[in-house]
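Protein chains: 2
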Amino acid sequence: MTLLKPAQKPAPAASIDPILRVTAPDMKRVNDLVLSMAGSNVELIPEIAEHLISSGGKRLRPMLTIASALAHDYSGEGHVKLAASVEFMHTATLLHDDVVDESDLRRGKRTARTIWGNQASVLVGDFLLGQAFKMMVEVGSMDALAILSNASAVIAEGEVWQLSAAKHLTTSEADYMAVIDAKTAALFAAAAEVGPVIANKGAAEREAMRDYGRSLGLAFQLVDDVLDYGGSAADLGKNTGDDFREGKITLPVILAYARGDEAERAFWREAMENGRNDDEALARATALIHRHGALEGTVERARGFGAKAFDAAASLPPSAARDALLSVVEFCIDRVS
Amino acid sequence: MTLLKPAQKPAPAASIDPILRVTAPDMKRVNDLVLSMAGSNVELIPEIAEHLISSGGKRLRPMLTIASALAHDYSGEGHVKLAASVEFMHTATLLHDDVVDESDLRRGKRTARTIWGNQASVLVGDFLLGQAFKMMVEVGSMDALAILSNASAVIAEGEVWQLSAAKHLTTSEADYMAVIDAKTAALFAAAAEVGPVIANKGAAEREAMRDYGRSLGLAFQLVDDVLDYGGSAADLGKNTGDDFREGKITLPVILAYARGDEAERAFWREAMENGRNDDEALARATALIHRHGALEGTVERARGFGAKAFDAAASLPPSAARDALLSVVEFCIDRVS
Numbered sequence: 001m002t003l004l005k006p007a008q009k010p011a012p013a014a015s016i017d018p019i020l021r022v023t024a025p026d027m028k029r030v031n032d033l034v035l036s037m038a039g040s041n042v043e044l045i046p047e048i049a050e051h052l053i054s055s056g057g058k059r060l061r062p063m064l065t066i067a068s069a070l071a072h073d074y075s076g077e078g079h080v081k082l083a084a085s086v087e088f089m090h091t092a093t094l095l096h097d098d099v100v101d102e103s104d105l106r107r108g109k110r111t112a113r114t115i116w117g118n119q120a121s122v123l124v125g126d127f128l129l130g131q132a133f134k135m136m137v138e139v140g141s142m143d144a145l146a147i148l149s150n151a152s153a154v155i156a157e158g159e160v161w162q163l164s165a166a167k168h169l170t171t172s173e174a175d176y177m178a179v180i181d182a183k184t185a186a187l188f189a190a191a192a193e194v195g196p197v198i199a200n201k202g203a204a205e206r207e208a209m210r211d212y213g214r215s216l217g218l219a220f221q222l223v224d225d226v227l228d229y230g231g232s233a234a235d236l237g238k239n240t241g242d243d244f245r246e247g248k249i250t251l252p253v254i255l256a257y258a259r260g261d262e263a264e265r266a267f268w269r270e271a272m273e274n275g276r277n278d279d280e281a282l283a284r285a286t287a288l289i290h291r292h293g294a295l296e297g298t299v300e301r302a303r304g305f306g307a308k309a310f311d312a313a314a315s316l317p318p319s320a321a322r323d324a325l326l327s328v329v330e331f332c333i334d335r336v337s
Numbered sequence: 001m002t003l004l005k006p007a008q009k010p011a012p013a014a015s016i017d018p019i020l021r022v023t024a025p026d027m028k029r030v031n032d033l034v035l036s037m038a039g040s041n042v043e044l045i046p047e048i049a050e051h052l053i054s055s056g057g058k059r060l061r062p063m064l065t066i067a068s069a070l071a072h073d074y075s076g077e078g079h080v081k082l083a084a085s086v087e088f089m090h091t092a093t094l095l096h097d098d099v100v101d102e103s104d105l106r107r108g109k110r111t112a113r114t115i116w117g118n119q120a121s122v123l124v125g126d127f128l129l130g131q132a133f134k135m136m137v138e139v140g141s142m143d144a145l146a147i148l149s150n151a152s153a154v155i156a157e158g159e160v161w162q163l164s165a166a167k168h169l170t171t172s173e174a175d176y177m178a179v180i181d182a183k184t185a186a187l188f189a190a191a192a193e194v195g196p197v198i199a200n201k202g203a204a205e206r207e208a209m210r211d212y213g214r215s216l217g218l219a220f221q222l223v224d225d226v227l228d229y230g231g232s233a234a235d236l237g238k239n240t241g242d243d244f245r246e247g248k249i250t251l252p253v254i255l256a257y258a259r260g261d262e263a264e265r266a267f268w269r270e271a272m273e274n275g276r277n278d279d280e281a282l283a284r285a286t287a288l289i290h291r292h293g294a295l296e297g298t299v300e301r302a303r304g305f306g307a308k309a310f311d312a313a314a315s316l317p318p319s320a321a322r323d324a325l326l327s328v329v330e331f332c333i334d335r336v337s
């Protein structure tokens, strides 16, 4: 599965290596800062933070901030703190999400809540969010603060919305896209937009990076939704079928439900709304999703957003950082290939 | 029980009326802003927010921000947004606290988590915190942002600490004071300090208001701890004995434990560390606390902090706002009279 026509392709295609390479020196400092800001005399905090930090996340979001700043010729120090803030916002969200979703595994490791309890997960999430805001304030850019604080409220709003809509098969594709726009794409958008902001670029550059991040985030989430019905826990480092077992209505389900007959819809209602979601039900759900081409349908939409993201970053002047931003788009989509 | 020598007393003594009166016009706008910023298309958010807003809290913290700004001749608009931010920070903390403490009642009303569940409480708390930061950013004062974001991290750190220390009777008075310094006094201090900050006053004024808020917050929390062993649910709008049943080591317990003999200490360990905290145990705990004068000991300390708060605010030039800040100190302490 490839997203882009060969002529458009950045080289090397479908790899996270270019952004790893471009951001490596700064990401080293981001990682040091993350460790130091997760420090506390209250032992539980560094313990939990270290568990999360060592859990093998790709740190995609802070890399976007670094690469976006570099692609706009930023030469100051603020991007490191903003990138660490973005990572803390993300980590805080994961901690709270695992509590809300009652998840036991994330990226193949036990979640913090199963080790230290829901209480500690809630509070350490709050602490990391507080530390994120402290770092942002230190950078001293009101515009960056406005972007990231807005994202923080939007993400939480999206989560609440998903909580209310979670088990309703009446969720429309548009409703679902609005949820992931808030809960995933908003942070990607903010992470990318703060690059031109601290580099003192104009409205056009900000808008391009916001569009890039937002479209990339939407594509990323849709691909995640596909992987939840298509991979194995070993591949993904998460439980395949998690979304199903948690009764989460994602786009593959929405499409399969819309394309299904009355008997199938009754099955979906029983599974998602009444919690009949054992392994047998998951096998049937996966079969229905495949039969109706719901994964392909979801990937097509992801590709559409990927193309938008690509175009938005392609408007930047040529640089290694720009090429890194471009290659991330294909990397995100090619996870399903 | 009176805190202050008659000569020092502001008139009228021991009443919240002076600060209500001084802040009334601005608090009307704070309340409107709180309602509007708690609005969302996601129905659950205004529903939960309204439950909290109508739950009869005194709004002491935002009133401190307003009165502190007025006492420093502030004539702009920023204090209203900062006061609303302070209230949202507090409300978010309450939502998360109730989840962490598994509380069923707050101010005599069912907690949000018992009506809408822990999940919604966590996420709506996150949303309100995001909205708080958005409002702070709109005010445009980096110093105010630094103070409030720092308080946010400190509060969460204090909560985690309390979680780890909660059931250990080895908690010393100093440890406990450090916890309430973080989880209660930090927000009082920040709420008061942002007043002179947005009024462009100097370091001395900032320090005076920070000391005022911090000392008031410590006194307030100690009095709360006393009330938990001394009032009735009807008086307090909260369950008396909550702290005991939640195994929270507060100062009255620390003092009674320190002053108790070995048999009493065994009882305390059984109750607080092993959860033998039924009504009979609560009755014995309350009797021991009274026998050892642990409530009086706690109130004495509260008075000490009250006196510090009083002196800090007394350094301000005379004004109705200053007198209101002074009378709040006595009001807080006289709740135990």
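One line per chain: the protein sequences are A and B, in this order.
Mapping to UniProt numbering: the first sequence position 64 is 64, numbers consecutive.
Mapping to UniProt numbering: the second sequence position 291 is 291, numbers consecutive.
Glycine residues also receive a C-beta, built at the ideal position from the N, C-alpha and C atoms.
Small disclaimer: the values here were computed from a predicted structure and weren't measured.
Chain A contact residues for residue i, given Cβ-Cβ distances below 9 Å
i       : result
Q221(B) : In chain order: nothing, as chain A lies at least about 18 Å away.
Backbone CA spacing between residue i and residue j [nearest angstrom]
i       : j       : result
V154(B) : A186(B) : 7 Å
A321(A) : A192(A) : 12 Å
E157(B) : G39(A)  : 11 Å
G275(A) : D126(B) : 27 Å
F267(A) : V253(A) : 12 Å
F310(A) : D73(A)  : 20 Å
L236(A) : T111(A) : The predicted model places L236(A) with a pLDDT of 48, which falls under 50 and marks its position as unreliable; any figure quoted below should be read in that light. Approximately 15 Å, taken between the alpha carbons.
A233(A) : L227(A) : At A233(A), the pLDDT of 41 sits below 50, so the modelled position is not reliable; the number obtained from the coordinates is stated separately. Distance between the alpha carbons of A233(A) and L227(A): 10 Å.
H51(A)  : N200(B) : 43 Å
R259(B) : S164(B) : 24 Å
A271(B) : N277(B) : 5 Å
L295(B) : S141(B) : 42 Å
E280(B) : H292(B) : 19 Å
S319(A) : D17(A)  : 15 Å
T114(B) : S103(B) : 8 Å
E264(B) : A287(B) : 11 Å
A120(B) : V336(B) : 35 Å
Q162(A) : G247(A) : 11 Å
R21(A)  : L216(A) : 20 Å
K58(B)  : K28(B)  : 13 Å
I333(B) : L60(B)  : 14 Å
E173(A) : T23(A)  : 36 Å
T240(B) : V30(A)  : 47 Å
Y257(A) : D323(A) : 39 Å
For residue i, the nearest candidate out of the options (CA to CA)
i       : options                            : result
R214(A) : A178(A), V22(A), G130(A)           : A178(A)
A182(B) : A314(B), L148(B), E300(B)          : L148(B)
S54(A)  : K109(A), A203(A), E264(A), V328(A) : K109(A)
A49(A)  : M135(A), P252(A), S327(A), V122(A) : V122(A)
I66(A)  : L282(A), E173(A), A190(A)          : A190(A)
A132(A) : A146(B), S141(B), M135(B)          : A146(B)
G76(A)  : D101(A), M89(A), A302(A), G195(A)  : G195(A)
N41(B)  : A84(A), A313(A), V223(A), E159(A)  : E159(A)
D261(A) : I289(A), L282(A), L94(A), R245(A)  : I289(A)
D143(A) : T184(A), H96(A), A203(A)           : A203(A)
D26(B)  : S327(B), L82(B), L282(B), L44(B)   : L82(B)
Inter-residue CB distance, residue i and residue j (contact presumed, cutoff 8 Å)
i       : j       : result
D243(A) : D225(A) : 7 Å
V329(A) : G306(A) : 5 Å
G78(B)  : S152(A) : Not confirmed; about 20 Å, so no contact.
V34(A)  : E87(A)  : 6 Å
A71(A)  : L316(A) : 5 Å
M135(B) : A219(B) : The pair is not a contact, with the Cβ atoms about 28 Å apart (cut-off 8 Å).
L251(A) : Y176(A) : 6 Å
S15(A)  : L325(A) : So it is not a contact: roughly 13 Å between Cβ atoms.
Any non-hydrogen atom of the ligand SAH closer than 8 Å to residue i Cβ
i       : result
L128(B) : With respect to the ligand SAH, the structure shown offers nothing to examine, as it has no ligands at all.
Partners in chain B for residue i, counting only beta-carbon separations shorter than 7 Å
i       : result
F133(A) : F133, S149, S152
F127(A) : A153, A156, E157, V160
7 Å Cβ cut-off: residues of chain A touching residue i
i       : result
V137(B) : M142, L145, A146, S149
V122(B) : H96, V99, V100, V122
Closer than 9 Å at the beta carbon, the chain B residues around residue i
i      : result
I44(A) : Ile is not the amino acid found at residue 44(A); the sequence shown has Leu there. Residues of chain B passing the Cβ test: V160, W161, L163, S164.
V86(A) : Per Cβ cutoff of 9 Å: no residues; V86(A) is ~14 Å from chain B at best.
Discussion item. Short of 7 Å Cβ to Cβ, which residues in the region 95-119 of chain A face chain B?
Written reply: So the list reads H96, V99, V100, Q119, given in the order they occur along the chain.
Discussion item. By the 9 Å beta-carbon criterion, what residues does the region 281-301 of chain A contribute toward chain B?
Written reply: Of all residues in the region 281-301 of chain A, none has a Cβ within less than 9 Å of some Cβ in chain B.
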